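Structure, as structure tokens:
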């Protein structure tokens, strides 16, 4: 058998394994369907939850390790049986966390499914950083933005141009148009293969484990795992052959990685000081959740945050926004913030945005623990 014949057989086997896996992926939008377009009632391994069945928000935190940051999140929210928390990569001294609040009834309906993946997360996985998409299917429309966040159409942002301006996108830049369930289904199948292992780990079914173990169909799960292992071994052998041809470029990337590591060593001391400051902040039981709530209000007004300082109970937020006055008004309207004022004159940048420095005081009993009464 020649090389082309062997590749044809491998491609055929790989296609069959992939099709079987897609038959175990159920897409729950306005209607239920699996990604293999087969009428099947078999136990799903993955549920892709339509955008209309969850709410989404993103918050920024210090660049702690995933374990330490998860402890902070558990302290703030106390855990939720219907919320997924996807911890993003560290960028500088910050790390973003995206919260997906799932529909309670649908989570209960698929209580035995190992993974629940938000539709927007899967669709955004293969996109380049500067691409945004106008998605419409089954009478529902929303936008996938360049930073991976999704925005439903309508409400306060009824048009594409308003969505673009609110998110800092050039309104003259046309989005890609994805229309129809067939198109979105193909994009979902592609996006699921682009999710990294940490994202899959964060998309585990949020229901408590003891309530799910009894309902999991272990036999089909073991069968699919065996098929996936065989496919993985075949793909791994092909990958190893291809990687030999890329060794030279890999060595070059290693050189760049070493340079970045040297720079990271220089910044290590600064990171340790920030971690120590965060530990002091936590030990003093300052209401850190309200600090991030203030930052979140600024982000909701279209702000880009460059710095957050906390001294005692006085919080200082610096950044840029389309209209700094809207941020001041939004913070002043919160009863938990007092003495809201600009610390410095508002300056207009070349981009047309306004650079601001606004400060406010956390009101309430200083001895109050974070999360109590917030």
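Numbering (the working numbering), first residue to last: 920 to 1293. In this text, a Cβ means the ideal position worked out from N, Cα and C, and glycines have one as well. Keep in mind that this is a model prediction, so the values were computed, not measured.
Euclidean distance between Cα positions of residue i and residue j
i: residue 1023; j: residue 1008; result: 28 Å
i: residue 1106; j: residue 1251; result: 43 Å
i: residue 1002; j: residue 1123; result: 10 Å
i: residue 1271; j: residue 1104; result: 39 Å
i: residue 1245; j: residue 1220; result: 7 Å
i: residue 1170; j: residue 1155; result: 21 Å
i: residue 1180; j: residue 1166; result: 21 Å
i: residue 1257; j: residue 1281; result: 6 Å
i: residue 1157; j: residue 1147; result: 15 Å
i: residue 1190; j: residue 1264; result: 30 Å
i: residue 1145; j: residue 1153; result: 13 Å
i: residue 1011; j: residue 982; result: 7 Å
i: residue 902; j: residue 1241; result: As shown, the chain starts at 920 and ends at 1293. That puts residue 902 outside it, with no answer to give.
i: residue 1232; j: residue 1255; result: 12 Å
i: residue 1217; j: residue 1077; result: 21 Å
i: residue 1050; j: residue 952; result: 28 Å
i: residue 1235; j: residue 1277; result: 6 Å
i: residue 976; j: residue 1004; result: 10 Å
i: residue 1225; j: residue 1237; result: 6 Å
i: residue 886; j: residue 1228; result: What is shown of the chain runs 920 to 1293, which leaves residue 886 out entirely.
i: residue 1149; j: residue 1159; result: 16 Å
i: residue 1210; j: residue 990; result: 18 Å
i: residue 938; j: residue 1068; result: 29 Å
i: residue 1130; j: residue 1031; result: Low local confidence applies: a pLDDT of 47 at residue 1130 is under 50, so the model's placement there is unreliable, with the coordinate-based value given in what follows. Between residue 1130 and residue 1031, the C-alpha separation is close to 8 Å.
i: residue 992; j: residue 1176; result: 31 Å
i: residue 1070; j: residue 1059; result: 12 Å
i: residue 1193; j: residue 1013; result: 11 Å
i: residue 1079; j: residue 1090; result: 8 Å
i: residue 1101; j: residue 949; result: 14 Å
For residue i, the nearest candidate out of the options (CA to CA)
i: residue 1239; options: 1230, 1214, 1259, 1231; result: 1214
i: residue 963; options: 941, 984, 979, 977; result: 941
i: residue 1092; options: 1074, 1076, 1118, 1065; result: 1065
i: residue 1097; options: 1269, 1046, 1145; result: 1046
i: residue 1057; options: 1069, 1142, 947, 1253; result: 947
i: residue 1140; options: 1050, 965, 954, 953; result: 965
i: residue 954; options: 1108, 1172, 1211; result: 1108
i: residue 1017; options: 988, 1192, 1113, 1229; result: 988
i: residue 1208; options: 938, 1262, 979; result: 979
i: residue 1034; options: 939, 1261, 1125, 1014; result: 1125
i: residue 1212; options: 1113, 1253, 1161; result: 1253
i: residue 1026; options: 1052, 1100, 994, 945; result: 945
As assigned by DSSP and simplified to three states, the class of residue i
i: residue 1087; result: coil
i: residue 1121; result: helix
i: residue 1057; result: coil
i: residue 1211; result: helix
i: residue 1238; result: strand
i: residue 1067; result: coil
i: residue 1276; result: strand
i: residue 991; result: helix
i: residue 1045; result: coil
i: residue 1219; result: helix
i: residue 1301; result: The structure shown does not extend to residue 1301, since the chain spans only 920 to 1293, so no value can be given for it.
i: residue 1252; result: coil
i: residue 1184; result: helix
i: residue 1001; result: coil
i: residue 1007; result: strand
i: residue 1105; result: helix
i: residue 1022; result: coil
i: residue 964; result: coil
i: residue 1073; result: strand
i: residue 979; result: strand
i: residue 1260; result: strand
i: residue 1037; result: strand
i: residue 1225; result: strand
i: residue 1100; result: helix
i: residue 1268; result: coil
i: residue 1078; result: coil
i: residue 943; result: coil
Supposed close pair residue i, residue j - CB separation, criterion 8 Å
i: residue 1006; j: residue 1115; result: 12 Å between Cβ atoms; not a contact.
i: residue 1320; j: residue 1111; result: There is simply no residue 1320 to check, as the chain begins at 920 and stops at 1293 in what is shown.
i: residue 1143; j: residue 943; result: 6 Å
i: residue 1259; j: residue 1279; result: 4 Å
i: residue 1054; j: residue 1040; result: Not a contact, Cβ separation roughly 13 Å.
i: residue 1019; j: residue 1061; result: About 14 Å; that fails the 8 Å criterion.
i: residue 1113; j: residue 1044; result: 4 Å
i: residue 1248; j: residue 1273; result: Going by Cβ atoms, the distance from residue 1248 to residue 1273 rounds to 14 Å, so no, they are not a contact pair.
Worksheet item: Can you find at least 3 beta carbon pairs, one from the segment 967–978 and one from the segment 1079–1088, that sit closer than 8 Å?
Response: The answer is no - the segment 1079–1088 does not touch the segment 967–978, with fewer than three Cβ pairs under 8 Å.
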